[in-house]
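Residue numbers (my numbering), protein chains in the order written: chain A, 29 to 241; chain B, 29 to 241.
Ideal Cβ positions, reconstructed from N, Cα and C, are used throughout, including at glycine.
This structure is a prediction, so every number in the text was calculated from the model and none was measured.
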C-alpha cells in the first residue's frame, strides 16, 4: 500500500501499473491481485483505511474532555491536521483523488465525508447551546473549517512555491494551528470567549476577563 | 480549447489524445499542432489564458472605488468567485491541475499565483492602515480567503454530494458570498466595522453605529 501510494502520487492512478507497484514493494505481482483484487481494490483499501483513521481521530477528539465546545472544535481540527500531516503523502493522494468526479471514488468516500460533516455539526451545535458560539450556520462553518484543514495537504506545492513554507514540517503546523484558532474564534465565538482567547490571555483565563482592552 | 478543457476534465490530461481533441472540436489534427504546438502547448495556453483573465478581475476590483478596504477585499473575492463560476469547467480543470507537483505546471502558474498573493496583500495592508482591519498577518489571511474562493470550484462534487448544493448555480453563489462576507468581517475587521456589517444594518450605516446590541 505504501508503494502504491508513492507511485499513484507521482504517476497518477491511471499511469501506474500493478506490475510497477509489485516491483516497488518487492512482491510477486500475483500477490497484489490475491490480497487486494487488483489496482482498484488497492485504491479502495488505501482510501478506506485512510479515511477510517481520520474519522477515528475526530471521534477521539469529540470524546475527550474540553473546557467548552470551542476547545473541542479546535481539538478536532488539530487532531485532523496532525493525522493528515503524519501521513502527508497519502493525504495528498486521497484528497486529490477526491476532487475527481468518479462513481468509484464517490462510492468509497461518501459515507466518511457524511460522517465527518456529522461530527463537526455535533460540536458546532453544542457550541451554540453552550452560548460559546454566536448564531452559527453549522454547515457553512464546517465547510470553511474543513477547507482550512485539508488545504496544506492538498496544495503543498502551492504553499512551498508561493509562501516558501514547508507544510510537512512541525514548525509550519504550530503556526497554522494558531492561525486556525484565531480565525475560528473570531468567526464563531461570542465576544466574552473571544476576549479570553486574546494573545497572552489563554494561560490565565480568570485574570484575562478583568483586563479591558 | 473548449474541447480540450472538456476532455481533460473527464479523462485527465494524460488520458486525452490530440486526436480526440481534434475530433471533438471538429478540426483537423494537424491544425491543433499548428496552432498550439501539441497537447502541452494547448494545456499551457488554456491555463495562461484562464489565469490572466482571473488576475485581470482582481485588478479591476482593486481599481474600483470602495467605501473601505474591507469592501475592496470582498469585491476582489466576489469578482474572483464570479469569474471561476462563469468558467466552472475550466476552473475545475486548472485548479485540479495546479494540485499536481510538476515542473511544467509550476512554470506556467507561479507568476500568476505570486501576483494573486501580491494583489491581496495590497488590500489587506491597506485595511490595516485605514484601521478597518485589526492587526492582520496578510499572508495567512490571504491563504484562508483564497481557500474559500477556490473551494466550490475545486470540490464541486463534494458540495453536491455532502451538502446537496449546486456550486454552479447563482443561488449557491449568493449565499456563499454572504457567508464569506461574514467570515472575513469577523476574522479581520475592527469592532466598529463589524457592528456596521450586522444583518439589517448594512443599508443604513450611519444609523447602525448608534445601535447598541
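Does the beta-carbon distance from residue 90 of chain B to residue 151 of chain B come in below 8 Å? The residue given as residue 90 of chain B occupies position 62 in the second chain. The residue given as residue 151 of chain B occupies position 123 in the second chain. Inclusion of residue 90 of chain B and residue 151 of chain B in the CB contact set at 8 Å is warranted, their separation being smaller than that value.
Counting along the chain, where does the alpha helix (DSSP H) carrying residue 199 of chain A start and finish? Here the question's residue 199 of chain A lines up with position 171 in the first chain. Run containing residue 199 of chain A: 198 to 216, per the alpha helix (DSSP H) assignment.
Select from the segment 192 to 225 of chain A all residues with a C-beta closer than 7 Å to any C-beta belonging to chain B, and list them in chain order. Residues 207, 211, 214 and 215.
Return the chain-ordered list of same chain residues with a C-beta closer than 8 Å to the C-beta of residue 167 of chain B, the five sequence neighbours on each side being excluded. In the second chain, residue 167 of chain B corresponds to position 139, counting from 1. Only 145 and 149 meet the Cβ criterion.
Along the chain, where does the alpha helix (DSSP H) that runs through residue 158 of chain B open and close? Mapped onto the second chain, residue 158 of chain B falls at position 130. No residue range can be given for residue 158 of chain B, since it is assigned to no alpha helix (DSSP H) and is classified by DSSP as neither H nor E.
Any beta carbon of chain A sitting closer than 8 Å to that of residue 117 of chain B? Locating residue 117 of chain B in the second chain gives position 89, where the first residue counts as 1. Cβ-Cβ to chain A under 8 Å: no for residue 117 of chain B.
So which residues of chain B does residue 108 of chain A contact, with C-beta pairs closer than 8 Å? One-based indexing of the first chain puts residue 108 of chain A at position 80. Identification of chain B residues near residue 108 of chain A by a Cβ-Cβ cut-off of 8 Å yields none; the smallest Cβ-Cβ distance measures about 15 Å.
Inspect the beta-carbon positions of residue 138 of chain A and residue 182 of chain B and report whether they are closer than 8 Å. Here residue 138 of chain A refers to the residue found at position 110 when the first chain is read from its first residue. Here residue 182 of chain B refers to the residue found at position 154 when the second chain is read from its first residue. Not in contact: residue 138 of chain A and residue 182 of chain B (Cβ atoms no closer than 8 Å).
Length of the line joining the Cα atoms of residue 160 of chain A and residue 220 of chain B: The count along the first chain starts at 1 and reaches residue 160 of chain A at position 132. The count along the second chain starts at 1 and reaches residue 220 of chain B at position 192. Approximately 22 Å between the Cα atoms of the pair.
Within 10 angstroms of its Cβ, does residue 56 of chain A collect 16 or more other Cβ (buried), or is it exposed? Numbered from its first residue, the first chain carries residue 56 of chain A at position 28. The residue is exposed, with fewer than 16 neighbouring Cβ atoms inside 10 Å.
Is the shortest distance between the beta-carbon of residue 105 of chain B and the beta-carbons of chain A less than 8 Å? Counting from 1 along the second chain, the entry for residue 105 of chain B is found at position 77. Residue 105 of chain B is outside the set of residues whose beta carbon lies under 8 Å from a beta carbon in chain A.
Which residues, in order along the segment 39 to 54 of chain B, keep a beta-carbon less than 8 Å from a beta-carbon of chain A? Those residues of the segment 39 to 54 of chain B that come within reach of chain A (Cβ to Cβ, closer than 8 Å) are 40, 42 and 43.
Of the residues A:67, A:98, A:45 and A:70, which one's Cα is nearest the Cα of residue 209 of chain A? Counted from its first residue, the first chain places residue 209 of chain A at position 181. Residue 209 of chain A has its Cα closest to that of A:98, out of A:67, A:98, A:45 and A:70.
Let me know the alpha helix (DSSP H) ranges lying completely inside the segment 31 to 91 of chain A, each 4 residues or longer, listed in chain order. Within the segment 31 to 91 of chain A, the complete alpha helix (DSSP H) runs of at least 4 residues are 46 to 52, 57 to 64 and 66 to 91.
Quick one: which chain A residues come within Cβ less than 9 Å of residue 68 of chain B? As a working note, residue 68 of chain B is residue 40 in the second chain. Per Cβ cutoff of 9 Å: no residues; residue 68 of chain B is ~16 Å from chain A at best.
Taking all protein chains shown into account, decide if residue 59 of chain A is buried (16 or more other Cβ within 10 angstroms of its Cβ) or exposed. In the first chain, residue 59 of chain A corresponds to position 31, counting from 1. With fewer than 16 other Cβ atoms from the protein chains shown falling within 10 Å of its own Cβ, residue 59 of chain A counts as exposed.
Please report how far the alpha carbon of residue 158 of chain A lies from the alpha carbon of residue 207 of chain A, in whole angstroms. Along the first chain, read from residue 1 onward, the residue named residue 158 of chain A stands at position 130. Along the first chain, read from residue 1 onward, the residue named residue 207 of chain A stands at position 179. Rounded to the nearest whole angstrom, the CA to CA distance from residue 158 of chain A to residue 207 of chain A is 24 Å.
Along the alpha helix (DSSP H) that carries residue 185 of chain B, what are the first and last residues, could you check? The residue you call residue 185 of chain B lines up with position 157 of the second chain. 184 to 191 is the extent of the alpha helix (DSSP H) around residue 185 of chain B.
For residue 172 of chain A, count neighbouring C-beta atoms within 10 Å of its own C-beta (all shown protein chains included) and say buried if the count is 16 or more, exposed if not. On the first chain, residue 172 of chain A is found 144 positions in, with the first residue counted as 1. Burial of residue 172 of chain A is indicated by the presence of at least 16 other C-beta atoms within 10 angstroms of its C-beta.
Contacting residues, own chain, Cβ-Cβ under 8 Å from residue 273 of chain A (five flanking each side not counted): Given that chain A is displayed from residue 29 to residue 241, the structure contains no residue 273 of chain A and the question cannot be resolved.
Could you tell me which chain A residues have their CB closer than 9 Å to the CB of residue 189 of chain B, listed as they occur along the chain? Position 161 of the second chain holds residue 189 of chain B. Here the neighbours are 134, 137, 138, 141 and 142.
Skipping 5 residues on each side, what residues in its chain have a beta carbon closer than 6 Å to that of residue 240 of chain A? Here residue 240 of chain A refers to the residue found at position 212 when the first chain is read from its first residue. No answer about residue 240 of chain A holds up, because its pLDDT of 32 lies below 50 and its placement is not dependable.
Under three-state DSSP, which class holds residue 129 of chain B? Against the second chain, residue 129 of chain B aligns to sequence position 101. Coil at residue 129 of chain B, not helix or strand.
What did DSSP end up calling residue 93 of chain B once you bin it into helix, strand or coil? Residue numbering aside, residue 93 of chain B sits at position 65 when the second chain is read from its first letter. Three-state DSSP puts residue 93 of chain B in coil, outside helix and strand.
Extent of the continuous alpha helix (DSSP H) run through residue 224 of chain B: Here residue 224 of chain B refers to the residue found at position 196 when the second chain is read from its first residue. Where residue 224 of chain B is concerned, the enclosing alpha helix (DSSP H) stretches over 219 to 225.
Whose CA, out of A:190, A:122, A:169 and A:175, lies closest to the CA of residue 37 of chain A? As a working note, residue 37 of chain A is residue 9 in the first chain. With distances taken between Cα atoms, residue 37 of chain A lies closest to A:122.
Compute the distance between the beta-carbons of residue 107 of chain A and residue 135 of chain A, then report whether it is under 8 Å. The residue labelled residue 107 of chain A in the question sits at position 79 within the first chain. The residue labelled residue 135 of chain A in the question sits at position 107 within the first chain. Contact flag unset, no.
Same chain only: Cβ atoms within 6 Å of residue 194 of chain B, ignoring 5 sequence neighbours per side: In the second chain, counting from the first residue as 1, residue 194 of chain B sits at position 166. For residue 194 of chain B, the CB contacts under 6 Å within the same chain, skipping 5 residues up- and downstream, are 200 in chain order.
Is the distance from the Cβ of residue 218 of chain B to the Cβ of residue 101 of chain B below 8 Å? Position 190 of the second chain, counting from 1, holds the residue named residue 218 of chain B. Position 73 of the second chain, counting from 1, holds the residue named residue 101 of chain B. At a Cβ-Cβ threshold of 8 Å, residue 218 of chain B and residue 101 of chain B do not count as neighbours.
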